[in-house]
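What follows is one structure encoded as structure tokens, with my remarks underneath.
2 protein chains.
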Amino acid sequence: MRGVLHPNLSPGDIWLRRLSDLMDLSDGARAAVREAVSAPRNYQPREHIVRDGLEDNAVRVLLSGFACRYKYLPDGSRQITAFIVPGEICDFAFLSDSSASQSVVTLTQSSVGTVDLDRLAGIVEQFPDVMTAILRCAAIEHGASIELLVSLGGRNALHRVSHLLCEMHFRLSQSGLVREDGSFDLPLTQAELGEALGLSTVHVNRTVQVLRRLGLATWRDKVVTLPDPQGMQALCSFDAGYLQSR
Amino acid sequence: MRGVLHPNLSPGDIWLRRLSDLMDLSDGARAAVREAVSAPRNYQPREHIVRDGLEDNAVRVLLSGFACRYKYLPDGSRQITAFIVPGEICDFAFLSDSSASQSVVTLTQSSVGTVDLDRLAGIVEQFPDVMTAILRCAAIEHGASIELLVSLGGRNALHRVSHLLCEMHFRLSQSGLVREDGSFDLPLTQAELGEALGLSTVHVNRTVQVLRRLGLATWRDKVVTLPDPQGMQALCSFDAGYLQSR
DNA sequence: GGCCTTGTTTAACCTATGTGAATTCCAGCC
DNA sequence: GGCTGGAATTCACATAGGTTAAACAAGGCC
Chain A
8 MRGVLHPNLS PGDIWLRRLS DLMDLSDGAR AAVREAVSAP RNYQPREHIV RDGLEDNAVR
68 VLLSGFACRY KYLPDGSRQI TAFIVPGEIC DFAFLSDSSA SQSVVTLTQS SVGTVDLDRL
128 AGIVEQFPDV MTAILRCAAI EHGASIELLV SLGGRNALHR VSHLLCEMHF RLSQSGLVRE
188 DGSFDLPLTQ AELGEALGLS TVHVNRTVQV LRRLGLATWR DKVVTLPDPQ GMQALCSFDA
248 GYLQSR
Chain B
8 MRGVLHPNLS PGDIWLRRLS DLMDLSDGAR AAVREAVSAP RNYQPREHIV RDGLEDNAVR
68 VLLSGFACRY KYLPDGSRQI TAFIVPGEIC DFAFLSDSSA SQSVVTLTQS SVGTVDLDRL
128 AGIVEQFPDV MTAILRCAAI EHGASIELLV SLGGRNALHR VSHLLCEMHF RLSQSGLVRE
188 DGSFDLPLTQ AELGEALGLS TVHVNRTVQV LRRLGLATWR DKVVTLPDPQ GMQALCSFDA
248 GYLQSR
């Protein structure tokens with residue numbers, strides 16, 4: 008039956024889509040990429056995908072669900088450093104076998120595909136554009152960290168929250184996960200948002216309510232709607248440049 | 008006279024030292040790297056090395072002096088995202104012609120060497136280890152951003168300041184810029200420290216004084232001394248892992 | 001239907017850090 | 001030897017956001 012019911016669907020498609028957005032890829036490269044992604048493995052919510060940056064010679068791509076990267080602080084609290092949405096690479100340590108030990112954990116039920124590192128090396132050798140695309144992923148990921156750093160260092164709570172909502176809106180729309188009416192699933196708790204934005208749960212809540220009162224955002228049952236995306240972006244001076252390839 | 012007075016000194020040496028620390032390089036690779044670095048160009052304090060991420064096909068390496076990378080916030084204030092010390096690459100945008108527009112500006116009189124991108128491509132092709140070393144630089148740089156992000160999101164003022172001092176101590180010692188007695192030049196103003204750590208100048212000052220009273224750090228005339236590095240590291244749970252290659 | 005559990009919301013109070021404005025310090029300079 | 005300008009320091013006061021705890025809502029489960 009393999010391939011009969013979904014002759015054109017493969018787990019690697021979502022990653023392929025992401026890479027193709029960042030770099031024009033030849034048909035050969037496209038085929039190689041999509042075939043390189045393994046059968047997905049499923050994860051429960053709060054299950055670790057990567058622990059302390061320890062790897063096993065594979066690139067992991069989130070195929071569905073929601074995850075985050077984080078580091079622990081000495082007092083036991085957790086600083087979330089990035090949210091990971093479908094189509095994105097979970098951890099870029101493979102690029103340099105670096106030792107910056109972050110962990111990656113799911114926030115919802117998720118599925119993850121893996122690409123064997125040796126196999127990827129072969130693909131990259133044959134199709135250098137794939138390496139370019141991956142480096143662009145890494146650069147965007149770095150750009151997003153920097154933007155979060157800027158939020159933490161220089162923006163107040165209202166701007167932090169709205170900037171993050173704008174970012175998620177943009178990223179999820181890239182992956183085709185924003186609905187017609189502008190709403191999208193954001194399966195985070197307010198506590199988790201706080202762990203990323205350096206805010207207490209209570210204050211995240213206060214801030215979300217301000218956005219509601221301003222008519223700029225609603226967030227109920229894990230669904231966010233931005234009725235006035237322009238106004239939202241204006242509020243926090245959001246500019247998606249850092250999420251795009253030039 | 009060229010080469011006579013300093014037969015073994017070349018502007019590229021400091022970069023070579025850095026790359027060699029991160030990756031064992033063959034003699035051929037070493038020679039290629041050191042010869043690839045152009046004659047240094049000098050910069051005055053507060054002069055831009057890179058503006059808005061705009062490039063001109065060259066990698067820039069800080070050879071001497073002190074610089075920082077930053078982004079402006081909408082209110083005109085500046086968030087410093089990284090300090091750059093001698094031997095480090097000013098901007099990694101060349102790796103992916105990314106569009107995350109940061110600027111790099113000197114903090115002191117500095118000299119900068121450039122490596123032509125085409126030439127670097129040739130070197131990398133012949134000596135892939137050089138690429139590995141550069142990717143490790145990039146990973147460490149990313150690790151440092153993440154650590155700053157963690158500081159801003161989760162550490163109080165005292166921990167932020169001491170963590171940064173520990174980091175500078177470590178990085179400068181890697182470049183051989185820490186003296187026997189443990190002191191090192193830190194040519195920043197307290198205002199600039201605040202722009203990196205998300206603190207007001209006044210509060211940076213208060214915090215430095217606490218460190219002085221604790222006997223953990225002195226900072227006078229742009230010279231920092233950490234009389235008790237262990238104690239300092241313990242105070243802020245500093246772990247240099249993120250600054251090293253595994 | 002009652003009862004956990006997890007997440008959101010509200011309220012009262014507290015504190016780390018910001019702000020604005022002097023003041024002091026010091027290095028260069030005329 | 002006084003003047004100037006940037007940096008460090010001090011002081012008085014303001015506030016954004018943290019903390020603790022309690023109330024509330026809703027989904028799963030026996």
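Chains as they are written, first to last, in my numbering: chain A, 8 to 253; chain B, 8 to 253.
Backbone N, C-alpha and C fix where the C-beta goes; we use that ideal spot for every residue, glycine too.
For residue i, is the classification buried or exposed, using 16 other Cβ atoms within 10 angstroms of its Cβ as the cut-off for buried?
i: residue 34(B); result: exposed
i: residue 10(A); result: Confidence in residue 10(A) is poor, its pLDDT being 42 and thus under 50, which makes the residue's placement too unreliable to answer from.
i: residue 196(B); result: exposed
i: residue 54(A); result: exposed
i: residue 230(B); result: exposed
i: residue 8(B); result: Caution applies to residue 8(B), whose pLDDT of 46 falls short of 50 and renders its modelled position unreliable; the model cannot decide the point.
i: residue 234(A); result: exposed
i: residue 215(B); result: buried
i: residue 74(A); result: buried
i: residue 200(A); result: buried
i: residue 98(A); result: buried
i: residue 23(A); result: buried
i: residue 160(A); result: buried
i: residue 109(A); result: buried
i: residue 209(A); result: exposed
i: residue 135(A); result: exposed
i: residue 93(A); result: buried
i: residue 187(B); result: exposed
i: residue 16(A); result: exposed
i: residue 84(A); result: exposed
So residue i contacts chain B; which residues on that side make the cut at Cβ distance below 7 Å?
i: residue 244(A); result: 81
i: residue 146(A); result: 102, 103, 105 and 107
i: residue 195(A); result: What residue 195(A) touches in chain B: nothing, since even the nearest Cβ is about 16 Å away.
i: residue 55(A); result: Chain B residues near residue 55(A): none, gap ~18 Å exceeds 7 Å.
Could you please give me the residues that DSSP links to residue i through a beta bridge?
i: residue 225(A); result: 232(A)
i: residue 85(B); result: 79(B)
i: residue 120(B); result: 68(B)
i: residue 61(B); result: 58(B)
i: residue 101(A); result: Note: residue 101(A) sits in no beta bridge, so no partner.
i: residue 90(B); result: 75(B)
i: residue 96(B); result: 68(B)
At 8 Å on the CB atoms, spell out the chain B contacts of residue i, in chain order.
i: residue 205(A); result: 159, 160 and 161
i: residue 127(A); result: Result: empty, since nearest Cβ-Cβ is about 14 Å, beyond 8 Å.
Identify the continuous beta strand (DSSP E) that holds residue i and give its terminal residues.
i: residue 209(B); result: Unbroken run through residue 209(B) is the alpha helix (DSSP H), 208-220; no beta strand (DSSP E).
i: residue 253(A); result: No beta strand (DSSP E) holds residue 253(A); DSSP gives it neither H nor E.
i: residue 111(A); result: 110-113
i: residue 57(B); result: 55-57
Quick one: list the residues of chain A neighbouring residue i, beta-carbon separation under 9 Å, in chain order.
i: residue 34(B); result: Residues of chain A passing the Cβ test: none, with the nearest at roughly 23 Å.
i: residue 249(B); result: 105, 106, 107 and 108
i: residue 238(B); result: The contacting residues do not exist; residue 238(B) stays about 15 Å from chain A at best.
Can you list the residues of chain A that residue i reaches, using a CB-CB cut of under 7 Å?
i: residue 104(B); result: 253
i: residue 256(B); result: Coverage of chain B is limited to positions 8 through 253, which leaves residue 256(B) absent and any answer about it impossible.
i: residue 4(B); result: Because chain B spans 8 through 253 in this model, residue 4(B) falls outside it and cannot be assessed.
i: residue 176(B); result: Neighbours of residue 176(B) on chain A: none; closest Cβ ~19 Å, over 7 Å.
i: residue 142(B); result: 102 and 103
Residues of chain A with CB closer than 8 Å to the CB of residue i, please, in chain order.
i: residue 86(B); result: 156, 157, 160 and 161
i: residue 153(B); result: 78, 88, 107, 109 and 152
What is the residue span of the alpha helix (DSSP H) that residue i lies within?
i: residue 137(A); result: 135-161
i: residue 25(B); result: 20-29
i: residue 48(A); result: It is not in any alpha helix (DSSP H) - residue 48(A) instead sits in the beta strand (DSSP E) that spans 48-50.
i: residue 39(A); result: 34-43
Run down chain B in chain order and give the residues with a C-beta less than 9 Å from the C-beta of residue i.
i: residue 210(A); result: The premise fails here: residue 210(A) is roughly 13 Å from chain B at the closest Cβ pair, so nothing lies under 9 Å.
In chain order, each beta strand (DSSP E) run of at least 3 residues that lies wholly inside the segment 175-201 of chain A: Correct list: 190-192.
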